[in-house]
Amino acid sequence: MTSTTKPTDVHLDKIKIATPTPATTTPTERCAGCPKPGTLRCSRCKNDAYCSKECQKKLFKTHAPLCKTLAAFQDRPNPDMHRAIYFPEYESTPRFMWMDYNDPYAAEELLAHNNSSLKSTMIMDGDRKLQRRLGHNIQLSYRENFLSDRSDINMSIETFIGSELGRTFRGPFLAGGWNEIEDDDQHEDSTETVDLDTKALAPIVAFLKKLAGSKLPCRSSA
Numbered sequence: 001m002t003s004t005t006k007p008t009d010v011h012l013d014k015i016k017i018a019t020p021t022p023a024t025t026t027p028t029e030r031c032a033g034c035p036k037p038g039t040l041r042c043s044r045c046k047n048d049a050y051c052s053k054e055c056q057k058k059l060f061k062t063h064a065p066l067c068k069t070l071a072a073f074q075d076r077p078n079p080d081m082h083r084a085i086y087f088p089e090y091e092s093t094p095r096f097m098w099m100d101y102n103d104p105y106a107a108e109e110l111l112a113h114n115n116s117s118l119k120s121t122m123i124m125d126g127d128r129k130l131q132r133r134l135g136h137n138i139q140l141s142y143r144e145n146f147l148s149d150r151s152d153i154n155m156s157i158e159t160f161i162g163s164e165l166g167r168t169f170r171g172p173f174l175a176g177g178w179n180e181i182e183d184d185d186q187h188e189d190s191t192e193t194v195d196l197d198t199k200a201l202a203p204i205v206a207f208l209k210k211l212a213g214s215k216l217p218c219r220s221s222a
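The sequence shown begins at 1 in full-length UniProt numbering and counts up by one.
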């Protein structure tokens, strides 16, 4: 039997990591920033695990905004509501919000501008670099013509990926969780909405960086 360690609480606001202590032989989850086992855990949200103080500090900027409010988004207003991540264009950080995906106009009322059409991209589960899975996919919704509709730069995205890449994204963005369900009787797959938490931010940021890189004009060498 292989001995493992259990994540130990760390105080995010103080950026001080406690020394991991040996525990039971239950498997540990992977670090939020690398493929190593997460032997330390954020004591505020109790959600993200880290392998070291270095990894926690590296991810502090992307973790802190949602970490502070996760506890306030545990009790859904009604059964149809699910926790989503909203990237407002005029705020410096993203935030959790409740969304009713059964309402066909909910996302449109939040994101649409001047009769603009909406587009959704599915971020498939499984971070190959980190060798970590969320257990669900992430649907990112935004204005289809955000590159040319003259909306303002999205400040909450720019905060995470920098001004050079961040200027690509204009208008608000919305991320929701989706899980595929296989129906053995009908041999058809369906989907269900699921809550997003702090762990969803890393794959979203990685996707946005990749997308921004593909949208930037090529530079000629001097």
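All residues carry an ideal CB built from backbone N, CA and C; glycine is no exception.
Three-pair Cβ contact test at 8 Å for the region 147-162 versus the region 81-101: Counting C-beta pairs closer than 8 Å gives three or more between the region 147-162 and the region 81-101, which meets the contact rule.
Among S116, R95, A107, which one has its Cα closest to the Cα of H63? By 1-based counting over the sequence shown, the position of residue 63 is 63. Ranked by Cα distance from H63, the options S116, R95, A107 are led by R95.
Who are the Cβ neighbours of D149 in its own chain at under 8 Å, not counting the five residues just before and after it? To locate residue 149, count along the sequence shown from 1; it is residue 149. Here the set comprises H113, N114, S116, R143, R170, G171.
Mind listing, in chain order, the continuous beta strand (DSSP E) runs of no fewer than 3 residues lying wholly within the region 51-116? Listed in chain order, they are 81-87, 95-100.
Does A206 come out as helix, strand or coil in the three-state DSSP assignment? The residue given as residue 206 occupies position 206 in the sequence shown. The answer is helix: DSSP assigns A206 an H, G or I state.
Just how far apart, CA to CA, sit I123 and L147? Within the sequence shown, the letter at position 123 stands for residue 123. Within the sequence shown, the letter at position 147 stands for residue 147. Answer to the nearest angstrom: the Cα atoms are 20 Å apart.
Nearest-angstrom Cα separation, counted from N78 out to V205: For the purposes of this step, residue 205 is taken as residue 205 along the sequence shown, with counting starting at 1. For the purposes of this step, residue 78 is taken as residue 78 along the sequence shown, with counting starting at 1. Note on geometry: alpha-carbon atoms of V205 and N78 lie some 29 Å from one another.
Quick check on DSSP: helix, strand or coil for P22? Position 22 of the sequence shown, counting from 1, holds the residue named residue 22. Bear in mind that a pLDDT of 34 at P22, under 50, signals an unreliable position, so the number given afterwards is only what the model happens to contain. If DSSP states are grouped into helix, strand and coil, P22 belongs with the strands.
Take G162 as the anchor and find which of M97, Q74, G213, H82 has the nearest alpha-carbon. Taking the first residue of the sequence shown as position 1, residue 162 is located at position 162. When only C-alpha atoms are compared, the closest one is G213.
Distance, Cα to Cα, E180 vs D125? Residue 180 sits at position 180 when you count from the first residue of the sequence shown. Residue 125 sits at position 125 when you count from the first residue of the sequence shown. Their backbone Cα atoms lie some 11 Å apart in a straight line.
Report whether the distance from the Cβ of R133 to the nearest heavy atom of the ligand GDP is below 7 Å. Here there are no bound small molecules, and the ligand GDP is not part of this structure.
Of the residues C45, C55, S43, which one's Cα is nearest the Cα of R30? Here residue 30 is taken as the residue at index 30 of the sequence shown, counted from 1. Minimum Cα-Cα distance from R30 among the listed residues C45, C55, S43 corresponds to C55.
Leaving out the 5 sequence neighbours to the left and right, which residues in its chain are closer than 8 Å to A106 when beta-carbon positions are compared? What you label residue 106 is simply residue 106 of the sequence shown in a count that begins at 1. Cβ neighbours of A106 beyond the five flanking positions: M99, D100.
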